[in-house]
Each structure stands twice: as C-alpha cells, then as structure tokens.
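S.K.: Following the working numbering, the numbering of the sequence shown begins with 140 at its first residue and continues without gaps.
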Amino acid sequence: MSVEAKEIHHYPCASCGADLVFEPHDGFLTCPYCGHKEAIPESSELVEEQSYQQHFWIRPEQMEKLADNALEVQCQSCGAKSIFMPPQVAGRCEFCGVQIVAQPKSADPILTPGGVLPFSITQQQASSSLRQWLSSRWFAPNNLKHFAEPEAIHGIYLPFWTYDTNTTTDYTGQRGEYYYVTETYYDRDAQGRQVERTRQVRHTRWYPASGTVTGSFDDVLIPATTSLPSNRLAALEPWDFPQLRSYDPAFLAGFKAQRYQIDLKQGFELVKQVIAPAIENAVTNDIGGDEQRIESVSTEYSDITFKHLLLPVYAGAYRYNSKLFQILVNGRTGEIQGERPYSFWKIALLVVTIVIVIVILVLVFGNR
Ligand SMILES: [Zn+2]
Ligand SMILES: [Zn+2]
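Rendered as structure tokens:
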C-alpha cells in the first residue's frame, strides 16, 4: 500500500497511541484498547443549504477527499466503491457479500458532504436486532443465519442529496364540466306494455384552460448510491435530520463511507420526477371543474439549493440459490429492511407434516 506511515494514524489515542474510532453509543472518538475518549468538536456552523447554481459547474477547489488519509476500493464483483480510513480494511463488500481483493488507492476528491448523521446504534445492537428479526422469520433458510454472525453487517455511511426548489409551472389543458340532459326512452311495465320513461344522462362540456401554478419543495431526499434499490432506501426513513452534524472526518473513524455515484445534476433530474405528481396535482386543482385534461406543462425551477449528506446504515449481503439478499439497518433507529428468501425444504416439510396430520385425523375419526 502506498500510504505513508504518518498518514495512517489520523486520530491517535493521547494515552496509548492506538487509533481512535467513533463510538455510536456516546458519540465520542474512543480508544478500543484503553478506553480513552475524545469529543468531536461541536461545530458552530449549521448544515447549510448550498446554491445549486454555484455548484452546477463544480470547480476543483470545491472537491475534497472525505478525509486526508481516505482510501478507496472498488468491489470487483458489483462495482460499488467504498471509502475508508486506515486501520480499517476493505473486508467484505456490504452490497454483494464478496470479499474485496482489489488494492485500495488514495480516495479521489468528491464534493464534500455538508452534514452527517452519526451512527447512534452500535454494531452489537444492530447485530442483535438482526438476530431477533431472523429468528422471527420461520421460513428463512438456515443459511440465512449467516446474517446472525457479528461480522455479517458493517457500518457504512451512504451518500444522499437533499434539494429545495421553487417551481413555476405554465400549463394548458381543458376543464370538463358536467351537465345533464333528460332523455326519453321506452321500457315495458309489469304487464309487458310499452311505456315511455325519462332519465338524466350526464355529459361533459370541455372548455380550454391555461394558467400558472407555483410550488415550493423542501428537503427532497435523493439517494446518491446505485448499490441499493431506492425503494429499500426509502423504507429506512424517517431520518432524524434535526440531529445532523457538520461534516467532520472523525465521524468516519472505524466506519466506511460510499462516494456518491449519482452526481448533483443527475440527482436534480430525479427530484423533477419525484415532485412531478405534486405539480400535476396543483395543475389539476387550478383547472378546476369536474374533470381535467392536461395538455402541456412547462416548469421552471428556481432558488435551488442542496445539501450533500452522509447517513448511517449497517449493511450486509448474502447469496442464496444465486439470488442476492441485502440487509440494511438504519444506524439511528435500528429499523431493519431486507427481503427474506423462503426455504423450499422448510415449507415442503411443513406441508408434508400437515398432510400426515390430516391423514391421521381421517384414520382416527373418519371410520366412526
Ligand atoms: Zn488508548
Ligand atoms: Zn460488491
């Protein structure tokens, strides 16, 4: 490894010289050997929103490494890139479960995070709630017990963007208003005679409609990782954003982080998709009437600001019957997200048992 020795000990313990790691339990940098603790300085800076325009063309000076001594490694199997600080090692890939063998290199600069939600749940707590979650899943194959091992999940900070934006939308469409027409029709009465009856029939008259609606969107959260499905990440919400801290590399000591794979502009394209239904809703309300047709919508986005955040997750992955299973634990709330495979043999055994019980019951009670 081409990392100089002086860089390796970034947070040396004042009493024994070992590397301090971030302890989720109390939020201190803690020496795993002698227990010495150091507070991470509380920054007076608020986690501020930054102007999107100013970062639209990101200048090199706005890019930094997550930490001076950060190393980066790419999983040879799924391509996920993760960043960590020595003495951490690459270990197993959190996203596909493969042992990473690639040589780490010095991390490339990224747009530095504005804020971080530090881990507040320890690895042991996450592992033990995962064990509970697994044991309550009767149909899970025994191989899934792999997740019950303490090393099965690791703490990793995942990258997110949040955006604020105002919108101005010009639209054209049509407003449909109902009106009723009395129609005459013929029917037969109880005696089979033809009779004349009337009924009210609804029609829609369409009028052209156009106008402008404005909207204001606050903290639209967009995952900046492509290693995990976005619905699974969304299911980890809510995050306690009032507890955000200004970014300090010290929070990463002992953990990994992932660099963003969805960049600032790609993230904003996703924002447009996320808020489109709300804008369409506003247009529909503005058109009014009983029915609406939207023909064209053109939205301008203004006052765009963003934050780049790192959020804490314990993640692990495991293959069963060549299918990939990913487990995520929210590093703040302990909320677990993961699908579970069904064990064919466990289910088959249950079915056979039920059949045998039914056969026995029929034999015992059926011949009376
Ligand atoms: Zn120490
Ligand atoms: Zn991988």
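Ideal Cβ placement from N, Cα and C applies to all residues, glycine included. No experiment lies behind these values; they were computed from the predicted model shown.
Within 10 Å of its beta-carbon, does Y386 have 16 or more other beta-carbons around it, so buried, or fewer, so exposed?
M.R.: Answer is buried; the Cβ neighbour count reaches 16.
S.K.: For ligand 2, is there a heavy atom less than 8 Å away from the beta-carbon of G236?
M.R.: Checking every heavy atom of ligand 2 against the Cβ of G236, one is found closer than 8 Å.
S.K.: Beta carbon of A389: closer than 8 Å to some heavy atom of ligand 1?
M.R.: It does not: the Cβ of A389 is nowhere closer than 8 Å to a heavy atom of ligand 1.
S.K.: What do you get for L403, buried or exposed, if any count of 16 or more other CB atoms within 10 angstroms of its CB means buried?
M.R.: Under this definition L403 is a buried residue.
S.K.: Using the rule of at least 16 other Cβ atoms within 10 Å of the residue's Cβ for burial, across every protein chain shown, is M140 buried or exposed?
M.R.: Because the pLDDT at M140 is just 39, under 50, the model does not fix this residue reliably, and the value given afterwards should be weighed accordingly. The residue in question, M140, is exposed, as its Cβ has fewer than 16 Cβ neighbours within 10 Å.
S.K.: At a cut of 8 Å, does the region 370-385 reach the region 455-463 through at least three beta carbon pairs?
M.R.: Segments in contact, no.
S.K.: Going by beta carbon distance, what residues of the same chain come within less than 8 Å of A144, once the five residues before and after it are set aside?
M.R.: Below a pLDDT of 50, predicted positions are generally treated as unreliable, and A144, at 41, falls in that range; no measurement from the model is reported.
S.K.: On a CA-only basis, which of E430, D425, I443 and K446 is nearest V436? Give me that one, please.
M.R.: Closest option to V436, Cα to Cα, is D425.
S.K.: Can you tell me whether T353 is buried or exposed? The criterion is at least 16 other CB atoms within 10 Å of its CB, across all chains shown.
M.R.: Classification for T353: exposed.
S.K.: Going by the CB atoms, is the gap between V212 and I249 shorter than 9 Å?
M.R.: No, the pair does not count as a contact, with Cβ atoms beyond the cut-off.
S.K.: When you compare each of C214, G294 and L168 to G473 by their alpha carbons, which one comes out closest?
M.R.: The shortest Cα separation from G473 among C214, G294 and L168 belongs to G294.
S.K.: Among P226, G428, P180 and M202, which has the Cα closest to the Cα of A348?
M.R.: When each option's Cα is compared against that of A348, the closest is G428.
S.K.: Mind the definition here: the region 440-454 touches the region 297-317 only if three or more C-beta pairs lie below 8 Å; say whether that holds.
M.R.: Segments in contact, yes.
S.K.: Pull up the distance between the alpha-carbon of F394 and that of V491, whole angstroms please.
M.R.: Computed Cα separation, rounded: 47 Å.
S.K.: What does DSSP give as the partner residue(s) for V437 in the beta ladder?
M.R.: Residue identity differs from the one stated: residue 437 is Ser in this sequence, not Val. DSSP lists D309 as partners of S437.
S.K.: Should V422 go down as buried or exposed, given a rule of 16 or more other Cβ atoms within 10 Å for buried?
M.R.: Its Cβ being crowded by 16 or more others within 10 Å, V422 is buried.
S.K.: Using DSSP with H/G/I as helix, E/B as strand and the rest coil, what is I418?
M.R.: In the structure shown, I418 sits in a helix (DSSP, three-state: H, G or I).
S.K.: Taking DSSP's pairing of strands, which residues face A396 in a bridge?
M.R.: Its beta-bridge partners are I222 and Y296.
S.K.: Between G218 and ligand 2, is the CB less than 8 Å from at least one heavy atom?
M.R.: Flag set: Cβ of G218 near ligand 2.
S.K.: I'd like to confirm something about A456: is its beta-carbon nearer than 8 Å to some heavy atom of ligand 2, or not?
M.R.: Yes, Cβ of A456 sits closer than 8 Å to a heavy atom of ligand 2.
S.K.: Say whether the region 404-412 touches the region 352-367, bearing in mind that this needs 3 or more beta-carbon pairs closer than 8 Å, one atom from each stretch.
M.R.: Touching, yes, given that three or more Cβ pairs across the two stretches are closer than 8 Å.
S.K.: Considering Q263, what are the terminal residues of the beta strand (DSSP E) in which it resides?
M.R.: Run containing Q263: none in the beta strand (DSSP E); it sits in the alpha helix (DSSP H), Q262 to S274.
S.K.: What are the partner residues of H447, as DSSP defines its beta bridges?
M.R.: W300.
S.K.: Output the distance between the C-alpha atoms of I493 and L502, rounded to the nearest integer angstrom.
M.R.: Computed Cα separation, rounded: 14 Å.
S.K.: Which two residues bound the contiguous alpha helix (DSSP H) that contains A373?
M.R.: S369 to A373 is the extent of the alpha helix (DSSP H) around A373.
S.K.: According to DSSP, simplified to helix, strand and coil, what is D379?
M.R.: Coil.
S.K.: Measuring from the CB of I239, is there a heavy atom of ligand 2 at a distance below 8 Å?
M.R.: Because some heavy atom of ligand 2 lies under 8 Å away, the Cβ of I239 counts as near it: yes.
S.K.: Quick one: what's got a C-beta closer than 8 Å to C217's C-beta in the same chain, skipping five residues either side?
M.R.: C232, F234, C235, V237 and S366, listed in sequence order.
S.K.: Grab the span of the beta strand (DSSP E) containing D357 for me, first residue to last.
M.R.: From DSSP, the beta strand (DSSP E) with D357 extends over Q333 to P362.
S.K.: Return the CA-CA distance between T110 and T307, expressed in angstroms with no decimal places.
M.R.: Outside the displayed span of the chain (140 to 507) sits residue 110, for which this structure offers no information.
S.K.: Collect the residues with a C-beta less than 6 Å away from any heavy atom of ligand 1 and give them in sequence order along the chain.
M.R.: That gives C152, S154, C155, A157, C170, Y172, C173 and H175.
S.K.: Could you compute how far the alpha carbon of P439 sits from the alpha carbon of E187?
M.R.: Note on residue identity: the sequence assigns Glu, not Pro, to residue 439. C-alpha separation (whole angstroms): 23 Å.
S.K.: I need the straight-line Cα distance from A454 to S190, nearest angstrom please.
M.R.: For A454 and S190, the distance between alpha carbons rounds to 32 Å.
S.K.: Report yes if the CB atom of E316 is closer than 9 Å to the CB atom of Q339, and no otherwise.
M.R.: For E316 and Q339, no; Cβs fall outside 9 Å.
S.K.: Could you give the first and the last residue of the continuous beta strand (DSSP E) run that contains T169?
M.R.: From DSSP, the beta strand (DSSP E) with T169 extends over F167 to T169.
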